[in-house]
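In what follows, a structure is listed as structure tokens, so that the remarks can point back to it.
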Amino acid sequence: MSEATATTAPAGGSRHEAGPGGPAPAAGADDGGTGTARGSGSRGGRGYGRTGSRAASPTAPPLSFVWTRRVVLTLLTLFAATPLLVMVSSSLKPLEDVTDRFRWIPSVLTISPYVDIWSTVPLADYFVNSLIVAGAATGCSVLIATFAAYAVSRYRFRGKRLFTVTILSTQMFPGILFLLPLFLIFVNLGNATGIALYGSRGALIVTYLTFTLPFSIWMLIGYFDSIPRDLDEAALTDGCGPLGALMRVVVPAAVPGIVAVAVYSFMTAWGEVLFASVMTNETTRTLAIGLQGYATQTQVYWNQVMAASLVASVPIVAGFLLLQRYLVTGLTAGAVK
Amino acid sequence: MTTLSPPPGSEAAAPSAGAADDGPSRPRRRRILPDRLRRAGLPYLLLLPALVLELLIHLAPMAVGVVMSFKELTQQYIRNWGEAPWTGADNFRIAVDVNAPVGEALLHSFLVTCAFTVLAVSLAWLLGVTAAILMQESFRGRGVLRALFLTPYALPVYTAVITWSFLLQRDGGMVNHVIHDQLGLTDSEPFWLIGDNSFVALVVVAVWRTWPFAFLILMAALQNIPKELYEAAQVDGAGIRQQIRRITLPSLRPVNQVLVLVLFLWTFNDFNVPYILFGKSAPEAADLISIHIYQASFVTWDFGSGSAMSVLLLLFLLLVTGGYLLATGAGRKRDV
Numbered sequence: 001m002s003e004a005t006a007t008t009a010p011a012g013g014s015r016h017e018a019g020p021g022g023p024a025p026a027a028g029a030d031d032g033g034t035g036t037a038r039g040s041g042s043r044g045g046r047g048y049g050r051t052g053s054r055a056a057s058p059t060a061p062p063l064s065f066v067w068t069r070r071v072v073l074t075l076l077t078l079f080a081a082t083p084l085l086v087m088v089s090s091s092l093k094p095l096e097d098v099t100d101r102f103r104w105i106p107s108v109l110t111i112s113p114y115v116d117i118w119s120t121v122p123l124a125d126y127f128v129n130s131l132i133v134a135g136a137a138t139g140c141s142v143l144i145a146t147f148a149a150y151a152v153s154r155y156r157f158r159g160k161r162l163f164t165v166t167i168l169s170t171q172m173f174p175g176i177l178f179l180l181p182l183f184l185i186f187v188n189l190g191n192a193t194g195i196a197l198y199g200s201r202g203a204l205i206v207t208y209l210t211f212t213l214p215f216s217i218w219m220l221i222g223y224f225d226s227i228p229r230d231l232d233e234a235a236l237t238d239g240c241g242p243l244g245a246l247m248r249v250v251v252p253a254a255v256p257g258i259v260a261v262a263v264y265s266f267m268t269a270w271g272e273v274l275f276a277s278v279m280t281n282e283t284t285r286t287l288a289i290g291l292q293g294y295a296t297q298t299q300v301y302w303n304q305v306m307a308a309s310l311v312a313s314v315p316i317v318a319g320f321l322l323l324q325r326y327l328v329t330g331l332t333a334g335a336v337k
Numbered sequence: 001m002t003t004l005s006p007p008p009g010s011e012a013a014a015p016s017a018g019a020a021d022d023g024p025s026r027p028r029r030r031r032i033l034p035d036r037l038r039r040a041g042l043p044y045l046l047l048l049p050a051l052v053l054e055l056l057i058h059l060a061p062m063a064v065g066v067v068m069s070f071k072e073l074t075q076q077y078i079r080n081w082g083e084a085p086w087t088g089a090d091n092f093r094i095a096v097d098v099n100a101p102v103g104e105a106l107l108h109s110f111l112v113t114c115a116f117t118v119l120a121v122s123l124a125w126l127l128g129v130t131a132a133i134l135m136q137e138s139f140r141g142r143g144v145l146r147a148l149f150l151t152p153y154a155l156p157v158y159t160a161v162i163t164w165s166f167l168l169q170r171d172g173g174m175v176n177h178v179i180h181d182q183l184g185l186t187d188s189e190p191f192w193l194i195g196d197n198s199f200v201a202l203v204v205v206a207v208w209r210t211w212p213f214a215f216l217i218l219m220a221a222l223q224n225i226p227k228e229l230y231e232a233a234q235v236d237g238a239g240i241r242q243q244i245r246r247i248t249l250p251s252l253r254p255v256n257q258v259l260v261l262v263l264f265l266w267t268f269n270d271f272n273v274p275y276i277l278f279g280k281s282a283p284e285a286a287d288l289i290s291i292h293i294y295q296a297s298f299v300t301w302d303f304g305s306g307s308a309m310s311v312l313l314l315l316f317l318l319l320v321t322g323g324y325l326l327a328t329g330a331g332r333k334r335d336v
């Protein structure tokens, strides 16, 4: 939800009166650049504390709250960040530092894990497999979901409720429920046709649609609903067909949403483990399964494992953090409202 | 659907039904279907690819899964499952017979999963709601903290869990280094990935991974609470505790209802965390149901039994979800 409107107003115009140990100084310094209206809000923040006009009130801003916040958020930061920190630092350690006792500080900093990961296991192949599978699953599901979501969002028709309920409920089913039959179907279809379906990338892509497609449809319904109908009705009166209205008006207006849906689909497909653990073979293995190959070496090269994990994570995390604003809009519009 | 010439009479009805659809310049004879049919069929045409795929990836597999659960589908029949003999409800009978090994193990795994889910969901929710409330108001560094808190959720699950399995190594892991070497809390270094401690490890990793989602959703929800409510409460002299109890938490209720359901389903069905942490066969204390079914299917190669367990699991989830939705009325907002 738009951070720009929500986090702007500096909390309390007169915070300095809180005295030493008061709330974080310089109310305008947070959040580097999210606020456009920064400084214009002399009223109180939207959260707790007093309003600006009641600056002299003895009830606020409670020191106890500020200290509770500091302590709790520090603990949460430790909890959230420690594994991340270890991940990064271990990826820069020599092997001795990760095999014997754990060390917070590396004895020497080295980037050799980042060089070695490519030769210990065929990491590049795993990377390509992951890219192809996650990319194709995302592309297919977003394309198909766009049409389906447009139909659900803009038309009334028989079976609409059944369709949306099906879409929603398949998201709650355990993956294992689809895995066993799909495995059997692929093995038997492959036997019958002579095509090696089981283990192929194509088969894996199809199994990934079991979760990317319903999710994409559900999110896009939410996005399309938020686009005013007047827009495509105007396009219809201007001579566009329904498809023209979808492609020329609705899709362009929904681009942030569509990108967010694509990124989220890609993320889930990139991280998928269950289907990949069964449906891949030596040559089609994805990163999710391939990374575990480091652990089967006689000695686990944890520094390389951490380096490879970071290589597999950084683009995904960056995409997520950049787009989380749109993602939340979709998640709250689609599922939680 | 292949008639090219419109049936008589449809032309008369067309103008009222679809005149606004197309501009006057559009040549009429390009129409393949009469307007009415076109308009009625259009949603289905748009849905067609999705419907076909749904049929292929969801409905057909589910039907196959149900059929499988009534068959004796051991390894020898997997390449030709049509020939597997019918066993009636035997797979189900064996699965629920708690006095026999299979049923006993399934019940144990079910109970472990329930305990794990209750613990992990409540902790994840608690951390999420706490962080969201504490970060509702701006302070310096809030944006950085928010990104940091979301990162565990954004990481691909396998990299996150592999990192944890590194931290939890008995020798050379960070966790044992801290609690044994640095703090001296334990006499010897505990195992985390085998034995009873594995349950604790599982909960910690699952919470670390899921609480950011609760935080993300609740933060968004908090921004929808009108600030006038808080201002009015302050004028009335309400303190922060009262504001949280009387305004924040009640306003979050509808979001919480859906959020808890989503967290429940994810956590109960979770396969990734235990699989990467423990491998194909989890320690008894952390034998979650999806791993259990996976093992029954792909380690002992008894697909019939695995399918029966899947069907039971689905029935349980439907029952719980249905009951929950009826009790809370959650998710009944969209007019479909």
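Quick mapping for you: the protein sequence lines, in order, are chains A and B. For the first sequence, the UniProt record's numbering begins at 1 and goes up steadily by one. For the second sequence, the UniProt record's numbering begins at 1 and goes up steadily by one. The beta carbon of each residue, even a glycine, is placed where N, CA and C say it ideally should be.
Contact between the region 90-104 of chain A and the region 293-313 of chain A is established, with three or more Cβ pairs separated by less than 8 Å. Inclusion of Leu47 (chain B) and Ala148 (chain A) in the CB contact set at 9 Å is warranted, their separation being smaller than that value. The region 116-134 of chain B makes contact with the region 66-85 of chain A: 3 or more CB pairs, one atom from each, lie closer than 8 Å. Within chain B, Ile57, His58 have C-beta atoms less than 7 Å from the C-beta of Thr210 (chain A), given in sequence order. For Gly202 (chain A), the three-state secondary structure derived from DSSP is helix. The CB of Pro49 (chain B) comes closer than 7 Å to the CB of Ile144, Phe147 in chain A, given here in chain order.
For a Cβ distance threshold of 7 Å, nothing in chain B lies close to Leu323 (chain A): the least Cβ distance comes to about 10 Å. Sixteen is the threshold: since fewer than 16 other Cβ atoms of the shown chains lie within 10 Å of the Cβ of Ile195 (chain A), the residue is exposed. Within chain A, the residues whose beta carbon sits less than 8 Å from that of Asn80 (chain B) are Asn188, Asn191, listed in sequence order. C-alpha of Glu231 (chain B) to C-alpha of Leu322 (chain A): approximately 33 Å in a straight line. Identification of residues in the region 174-186 of chain B having a C-beta nearer than 9 Å to some C-beta of chain A yields Met174, Val175, Asn176, His177, Val178, Asp181, given in sequence order. At the C-beta level, Leu143 (chain A) and Met279 (chain A) stay beyond 9 Å of one another.
DSSP places Asp302 (chain B) in the strand class (E or B) of the three-state scheme. Leu123 (chain A) is positioned such that its CB atom lies closer than 9 Å to that of Leu287 (chain A). Each of B:Val98, B:Val157, B:Trp81 was checked against the Cα of Asn188 (chain A), and the nearest Cα belongs to B:Trp81.
Annotation for Arg146 (chain B): no residue places its beta carbon closer than 6 Å to its own, counting only its chain and skipping 5 residues before and after. Listed along chain B are Leu42, each with a C-beta nearer than 7 Å to that of Pro242 (chain A). DSSP, reduced to helix, strand and coil, places Thr283 (chain A) outside both helices and strands of the structure shown, so it counts as coil.
Between Val152 (chain A) and Trp118 (chain A), the alpha-carbon positions lie close to 46 Å from each other.
Unbroken alpha helix (DSSP H) runs of no fewer than 4 residues, entirely contained in the region 154-221 of chain B, are found at 157-167, following chain order. Sixteen is the threshold: when 16 or more other Cβ atoms of the shown chains lie within 10 Å of the Cβ of Asn176 (chain B), as they do, the residue is buried.
Against Pro62 (chain A), the close residues of chain B are Gly239, Ile240, in the order they occur along the chain (beta-carbon pairs closer than 8 Å).
The DSSP-derived three-state label of Thr87 (chain B) is coil.
Under DSSP, Thr321 (chain B) shares a beta bridge with no residue. When C-beta distances to chain B are compared with 9 Å, the residues of the region 283-299 of chain A below that value are Leu287, Ala288, Ile289, Leu291, Gln292, Tyr294, Ala295, in chain order. Annotation for Gly239 (chain B): no alpha helix (DSSP H) segment contains it, and DSSP assigns it neither H nor E.
Nearest C-alpha to Thr113 (chain B) among B:Pro283, B:Leu252, B:Ser307, B:Val157: B:Pro283. Residues Leu168, Ala201 of the same chain have their beta carbon placed closer than 6 Å to that of Trp192 (chain B), with the five preceding and five following residues left out of the count. The beta-carbon of Pro214 (chain A) is placed less than 9 Å from the nearest beta-carbon of chain B. For Ala81 (chain A), the chain B residues whose C-beta falls within less than 7 Å of its own C-beta are Leu148, listed in chain order. For the region 89-100 of chain A, residues whose beta-carbon sits nearer than 8 Å to a beta-carbon of chain B comprise Ser90, Val98, Thr99, Asp100. Residue contact check for Glu54 (chain B) against chain A: a CB pair falls below 9 Å. The beta-carbon of Tyr326 (chain A) is placed no less than 9 Å from the nearest beta-carbon of chain B. For Gly82 (chain B), there is no enclosing alpha helix (DSSP H), as DSSP gives it neither H nor E.
Contact of Leu167 (chain B) with chain A by beta-carbon distance below 7 Å involves Pro83, Val86.
The region 110-126 of chain B makes contact with the region 210-224 of chain B; the number of CB pairs closer than 8 Å reaches 3 or more.
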